[in-house]
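One structure is given below, encoded as structure tokens.
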Amino acid sequence: MNASPSDTAIVITDPQNDFLSENDVTWQLIGDSVKENKTVEHIDELRNAAKAHGYDVFISPHYYFPTDQAWQFGGAVETMMKETGMFGREWTLSLDGFDGSGADWLDLYKGHINDGKTIVVSPHKVYGPESNDLALQLRKRA
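Under my numbering, the letters of the sequence shown match residues 13 to 154, in that order.
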């Protein structure tokens, strides 16, 4: 396989406290796996390697806003996310209350994600980035 920065990018999904911090809502559910697989460390290594070699890095975050609380149905994981306030943000146009919240980036990643070069796409709402603008953002940079 030949990969180059002109046609390859790194996509990181949900590098947020509510998935990767020992102090947040899903740790009891996934913490053992995160530690066993060294997920936090490997994401950092991958991001560092991508940046060092000129690859674009895209972040696909998971956010829920107060208006999403009115959803009338959802699966078991969506219900759990709603009940725990996972990835909750106050509003789409405000970062009030974002810093340090479960929706915020893991501290280890903050400086790199907020570097002005990393592309943060619109939030996805379900299980992956098929419901946000990631595909568009990738196509526009090809």
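Note that CB positions come from ideal geometry on N, CA and C, so glycine has one too.
How long is the line joining the alpha carbons of residue i and residue j, rounded to whole angstroms?
{"i": "Gln149", "j": "Thr79", "result": "25 Å"}
{"i": "Asn14", "j": "Ala82", "result": "46 Å"}
{"i": "Val138", "j": "Ser33", "result": "20 Å"}
{"i": "Arg153", "j": "Ile22", "result": "13 Å"}
{"i": "Arg151", "j": "Phe70", "result": "12 Å"}
{"i": "Ile125", "j": "Lys94", "result": "26 Å"}
{"i": "Asn35", "j": "Asp56", "result": "19 Å"}
{"i": "Phe110", "j": "Pro135", "result": "14 Å"}
If you follow the beta strand (DSSP E) that residue i is part of, which residue opens it and which one closes it?
{"i": "Phe77", "result": "Where Phe77 is concerned, there is no enclosing beta strand (DSSP E), given that its DSSP letter is neither H nor E."}
{"i": "Ala21", "result": "Ala21 to Thr25"}
Taking C-alpha atoms, which residue in the options lies nearest to residue i?
{"i": "Thr130", "options": "Asp108, Ser106, Pro73 and Gly140", "result": "Pro73"}
{"i": "Leu118", "options": "Asp19, Ser18, Phe31 and Val133", "result": "Phe31"}
Mind checking which residues open and close the alpha helix (DSSP H) that includes residue i?
{"i": "Val89", "result": "Ala88 to Thr96"}
{"i": "Lys129", "result": "Premise fails: Lys129 is in no alpha helix (DSSP H) and is neither H nor E."}
- Using 8 Å as the Cβ pair cut-off and three pairs as the minimum, do the region 64-78 and the region 97-105 touch? At 8 Å Cβ cutoff, the stretches touch.
- Task: Take every Cβ of the region 42-62, pair it with every Cβ of the region 84-92, and state whether three or more of those distances are shorter than 8 Å.
- Result: With the cut-off at 8 Å, the region 42-62 and the region 84-92 do not touch.
- Where are the alpha helix (DSSP H) runs, 4 residues long or more, that stay fully inside the region 44-74, in chain order? Counting only runs of 4 or more, we get 51-64.
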